[in-house]
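**Q** A single structure is presented below for examination.
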Amino acid sequence: MSLTARDTALRELMDDPDCDPERLRATLRRFDTVNRLVSGWGGVYTRRIRPFLAGLGRPARVLDLGCGGGDVIVRLARMAARDGIPAGWVGADPDARAIEVAAERDAPASVRFTRADSTAILAAGERFDLVVSNHVLHHLDTAALVSFTADSRALATGLVLHGDIARSRLAYALYAAGITPLQRGTFLRTDGLRSIRRSHTPAELQRILDAESPRTWRVATPAPFRLLAESRPGFETAHRAEGGSSD
Ligand SMILES: C[S@@+](CC[C@H](N)C(=O)[O-])C[C@H]1O[C@@H](n2cnc3c(N)ncnc32)[C@H](O)[C@@H]1O
C-alpha cells in the first residue's frame, strides 16, 4: 500500500452514526491509553503550555476542540494543577456519544464538557487563552480543516495548538504491530490505521494552513510521527509591523 498521498476516501468506523455503540464506547475510553503512548502531550505541556499558562499571571481558560472521550483535557488539567497553575478547562465535541463518555470520566472540578462544534462555540461569543485539539485535523477534508483552524484562531486570544499524526510508512508499520494488545473490543486497529493513511505530512499541513492564513501557522514535529500546528494570534500583525509581507 502507498502512503505517498493522503487517502481521504477512507472513513473511520467510529464516524458512522450507526456503528456498534459498545465498541465505540470502548474505543473512546481506550483513547486514554493510546493518547498517552503516542500523542506526546506531556512534552507539549512542558515545553509550550506550562510556560504560556504560567506567564499569564491569572487563571486561564482552555478549550479542547473535538475532545472525544475527554482524556487529553483531563490530563492537561491534572498536570497544570500539579504545577499550581489555576485554569478552567472546557472539552467540546459535537458528537453526543463522545460527550457522554467524557462526562463519565473522573475529572477535576475545573473541567467541564459541552456538546458543540467550533463554529457554535465561536457564535456563542466564548473566548479562550489557549485552544488545543488532538487527532481532529486528519478527520477533516481540506475545506473543513480550513474552517476548523480559522475558528480555533478566532476562539483563542493567546495560543492555538493542534496535535496530530504525521503520515509515514514507519508510523503505519509500528502502529499495526503495537496496537495488537489494546485493540480487543474496539475500533482502534482499523481506525488507527485509517487515521494514519488520512493524516498529513508536515509540508502538506503547512501548505493548507498557509492558505488558511498566511504567515500565521507553524507546523513542527515535536516527537516521532507527530505534527503540532501552532498559532499565536497577533503573530501576523507583529510580522507586518516588522516589515514582513502578508501575502
Ligand atoms: C478522532 S476524534 C479525536 C478525539 C480526541 N480529541 C482524542 O484525541 O481522542 C475527532 C473528534 O473531532 C470532532 N470534531 C470534528 N469536527 C469538529 C468541529 N468543527 N468542532 C469540534 N469538534 C469536531 C469529532 O466529533 C470527533 O469526536
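Heads up, the final residue of the sequence shown is numbered 247 in full-length UniProt numbering, and it's a clean run with no missing numbers. Built from N, CA and C at the ideal position, the CB exists for glycine as well.
With DSSP run on the structure shown, which of helix, strand or coil describes Ser152?
**A** As a first step, residue 152 is located in the sequence shown; it is residue number 152 there, counting from the start. Ser152: helix per DSSP, three-state reduction.
**Q** Tell me, which residues are paired with Asp64 by DSSP?
**A** Position 64 of the sequence shown, counting from 1, holds the residue named residue 64. Asp64 pairs with Gly91 and Val132.
**Q** For His162, tell me which candidate among Ala81, Leu13 and Ser39 has the shortest Cα-Cα distance.
**A** Here residue 162 corresponds to residue number 162 of the sequence shown, with the count starting at 1. Of the listed residues, the one whose Cα sits closest to His162 is Ser39.
**Q** So, with DSSP's three-state summary, where would you put Thr157?
**A** Mapped onto the sequence shown, residue 157 falls at position 157. Note: Thr157 maps to strand in three-state DSSP.
**Q** Which of the three DSSP states, helix, strand or coil, is assigned to Ser39?
**A** As a working note, residue 39 is residue 39 in the sequence shown. DSSP places Ser39 in coil when its eight states are reduced to three.
**Q** For Ala102, report the span of its alpha helix (DSSP H) as first-last.
**A** Residue 102 sits at position 102 when you count from the first residue of the sequence shown. Start and end: Ala96 to Ala103.
**Q** Do you know offhand how far Gly178's Cα is from Ile196's?
**A** Counting from one through the sequence shown, the residue named residue 178 turns up at place 178. Counting from one through the sequence shown, the residue named residue 196 turns up at place 196. Going from the Cα of Gly178 to the Cα of Ile196 covers about 14 Å.
**Q** Between Val205 and Ala171, is the Cβ-Cβ spacing less than 9 Å?
**A** Residue 205 sits at position 205 when you count from the first residue of the sequence shown. Residue 171 sits at position 171 when you count from the first residue of the sequence shown. In the sequence as presented, Val is not what sits at residue 205; that position holds Leu. Cβ atoms of Leu205 and Ala171: not closer than 9 Å.
**Q** Confirm the yes/no value for this check: CB of Leu188, any heavy atom of ligand 1, distance under 8 Å.
**A** Here residue 188 is taken as the residue at index 188 of the sequence shown, counted from 1. Leu188: no, Cβ never under 8 Å from ligand 1.
**Q** Ligand 1 and Thr33: does the residue's C-beta get closer than 8 Å to at least one heavy atom of that ligand?
**A** One-based indexing of the sequence shown puts residue 33 at position 33. Checking every heavy atom of ligand 1 against the Cβ of Thr33, none is found closer than 8 Å.
**Q** Within its chain, find whatever has a CB closer than 6 Å to the CB of Ser245; leave out the 5 residues flanking it on each side and keep chain order.
**A** Residue 245 sits at position 245 when you count from the first residue of the sequence shown. Residue placement at Ser245 is flagged as unreliable, the pLDDT there being 37, under the threshold of 50; the coordinate-derived value follows with that caveat. Excluding residues within five positions, none has a Cβ falling inside 6 Å.
**Q** Report the option in Ile85, Val74, Leu227 and Pro59 whose CA atom is closest to the CA atom of Ser168.
**A** The residue labelled residue 168 in the question sits at position 168 within the sequence shown. For the residues Ile85, Val74, Leu227 and Pro59, the minimum Cα distance to Ser168 belongs to Leu227.
**Q** Could you pull out every residue in the same chain whose Cβ sits closer than 7 Å to the Cβ of Val131, ignoring the five residues on either side in sequence?
**A** Here residue 131 refers to the residue found at position 131 of the sequence shown. For Val131, where only same-chain residues beyond five positions count, the Cβ hits under 7 Å are Leu63, Leu65, Ser152, Leu155, Ala156 and Val160.
**Q** How about Thr26 and Gly68: are their beta carbons less than 9 Å apart?
**A** Here residue 26 refers to the residue found at position 26 of the sequence shown. Here residue 68 refers to the residue found at position 68 of the sequence shown. Note that residue 26 corresponds to Ala in the displayed sequence, not to Thr. No, Cβ-Cβ distance for Ala26 and Gly68 is not below 9 Å.
**Q** Whole angstroms is fine: what's the gap from Leu13's alpha carbon to Thr186's?
**A** Residue 13 sits at position 13 when you count from the first residue of the sequence shown. Residue 186 sits at position 186 when you count from the first residue of the sequence shown. Answer to the nearest angstrom: the Cα atoms are 10 Å apart.
**Q** CB of His162 to nearest heavy atom of ligand 1: below 8 Å?
**A** The residue you call residue 162 lines up with position 162 of the sequence shown. Flag unset: Cβ of His162 not near ligand 1.
**Q** Confirm the yes/no value for this check: CB of Val219, any heavy atom of ligand 1, distance under 8 Å.
**A** As a position in the sequence shown, residue 219 is number 219, starting the count at 1. Result no, Cβ not under 8 Å from ligand 1.
**Q** For Ser199, which beta-bridge partners are listed by DSSP?
**A** In the sequence shown, the residue the question calls residue 199 occupies position 199. BP columns for Ser199 are empty, so no partner.
**Q** Please confirm whether any heavy atom of ligand 1 lies closer than 8 Å to the CB of Met14.
**A** Sequence index remark: in the sequence shown, residue 14 carries index 14 (1-based). Within the cutoff, so yes.
**Q** Looking at C-alpha atoms only, which residue of Ser118, Pro181 and Asp191 is the closest neighbour of Phe148?
**A** Your numbering for residue 148 matches position 148 in the sequence shown. For the residues Ser118, Pro181 and Asp191, the minimum Cα distance to Phe148 belongs to Ser118.
**Q** Mark Thr216 as exposed unless 16 or more other C-beta atoms lie within 10 angstroms of its C-beta, in which case mark it buried.
**A** Counting from 1 along the sequence shown, the entry for residue 216 is found at position 216. It is buried - the Cβ of Thr216 has at least 16 other Cβ atoms within 10 Å.
**Q** Output the distance between the C-alpha atoms of Pro115 and Pro181, rounded to the nearest integer angstrom.
**A** Residue numbering aside, residue 115 sits at position 115 when the sequence shown is read from its first letter. Residue numbering aside, residue 181 sits at position 181 when the sequence shown is read from its first letter. Residue 115 is actually Arg in this sequence, not Pro. Rounded to whole angstroms, Arg115 to Pro181 spans 31 Å at the Cα level.
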